[in-house]
Amino acid sequence: MNVEDLLAVLSRWIHVGAAIALVGGTVFQRFVLAPSLAAIPETDRGPLREAVLARWRIFVHSGVALLLLSGAYNAMKGFVSHKGQGLYHGLLGTKIFVALAIFGVAVVLTGKSERAKTMRGRSGFWLSVLVVLATAVVCLSGVLRNLPAT
Ligand code: HEM
Numbered sequence: 134m135n136v137e138d139l140l141a142v143l144s145r146w147i148h149v150g151a152a153i154a155l156v157g158g159t160v161f162q163r164f165v166l167a168p169s170l171a172a173i174p175e176t177d178r179g180p181l182r183e184a185v186l187a188r189w190r191i192f193v194h195s196g197v198a199l200l201l202l203s204g205a206y207n208a209m210k211g212f213v214s215h216k217g218q219g220l221y222h223g224l225l226g227t228k229i230f231v232a233l234a235i236f237g238v239a240v241v242l243t244g245k246s247e248r249a250k251t252m253r254g255r256s257g258f259w260l261s262v263l264v265v266l267a268t269a270v271v272c273l274s275g276v277l278r279n280l281p282a283t
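For the sequence shown, our numbering assigns the number 134 to the initial residue and increments by one for each residue that follows.
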């Protein structure tokens with residue numbers, strides 16, 4: 134295995150690992166944490182929400198950074214191996230656009246601004262949006278991975 138192969142494996146581990154942590158964490162919040170919070174008294178929800186948020190924010194920031202770095206590396210390799218393949222480039226462009234939208238929502242949703250607090254007032258809706266968009270990104274990635282190189 135040469136250095137380039139090693140970097141490709143490392144980048145794949147980082148990319149898939151970060152995607153699993155972020156998408157899994159979002160699904161957990163939408164379908165497990167949110168309904169569980171709704172089942173406990175209102176007075177107990179605030180401190181738990183704040184504790185979860187403080188920890189989850191670290192995952193979001195580092196996950197976004199890792200996905201961007203490893204994604205840029207993957208994309209550089211993909212551009213070369215799929216040179217001139219319109220479908221690959223179109224789907225990759227769409228994937229990156231949707232991923233950036235996800236990052237924007239996820240970062241604002243875990244932020245400290247007034248807008249973040251307003252968004253968290255409708256966290257069920259925004260978490261659903263993230264789950265749907267992330268599912269689309271994972272599906273697009275699966276197609277990209279299986280398009281034959283040119
Ligand atoms: C929500 C964020 C993201 C998720 C959930 C995600 C998920 C994935 C997954 C599951 C794969 C397949 C990995 C494999 O089978 O080895 C993949 C591959 C890839 N991702 Fe991402 N990704 C995200 C963001 C990004 C970003 C921001 C970029 C570019 C800057 C990017 C570029 C790529 C590329 C180029 C590939 C390889 C495609 C190929 O096989 O040719 N991804 N991604």
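Glycine residues also receive a C-beta, built at the ideal position from the N, C-alpha and C atoms.
heavy atom of ligand 1 below 7 Å from residue i C-beta
{"i": "residue 228", "result": "yes"}
{"i": "residue 147", "result": "no"}
{"i": "residue 204", "result": "yes"}
{"i": "residue 156", "result": "yes"}
{"i": "residue 271", "result": "yes"}
{"i": "residue 163", "result": "no"}
{"i": "residue 261", "result": "no"}
{"i": "residue 256", "result": "no"}
{"i": "residue 135", "result": "no"}
{"i": "residue 195", "result": "no"}
{"i": "residue 188", "result": "no"}
Inter-residue CB distance, residue i and residue j (contact presumed, cutoff 8 Å)
{"i": "residue 155", "j": "residue 193", "result": "7 Å"}
{"i": "residue 270", "j": "residue 231", "result": "5 Å"}
{"i": "residue 213", "j": "residue 240", "result": "Their Cβ separation, rounded to whole angstroms, is 30 Å, which puts residue 213 and residue 240 out of contact at 8 Å."}
{"i": "residue 172", "j": "residue 256", "result": "Actually they do not touch by this definition, with Cβ atoms about 16 Å apart."}
{"i": "residue 189", "j": "residue 150", "result": "About 17 Å separates the two Cβ atoms, so there is no contact after all."}
{"i": "residue 200", "j": "residue 148", "result": "6 Å"}
Buried or exposed (CB count within 10 angstroms, at least 16 for buried), residue i
{"i": "residue 248", "result": "exposed"}
{"i": "residue 225", "result": "buried"}
{"i": "residue 207", "result": "buried"}
{"i": "residue 143", "result": "exposed"}
{"i": "residue 184", "result": "exposed"}
{"i": "residue 268", "result": "exposed"}
DSSP-derived helix/strand/coil call for residue i
{"i": "residue 174", "result": "coil"}
{"i": "residue 246", "result": "coil"}
{"i": "residue 196", "result": "helix"}
{"i": "residue 187", "result": "helix"}
{"i": "residue 215", "result": "coil"}
{"i": "residue 281", "result": "coil"}
{"i": "residue 255", "result": "coil"}
{"i": "residue 135", "result": "coil"}
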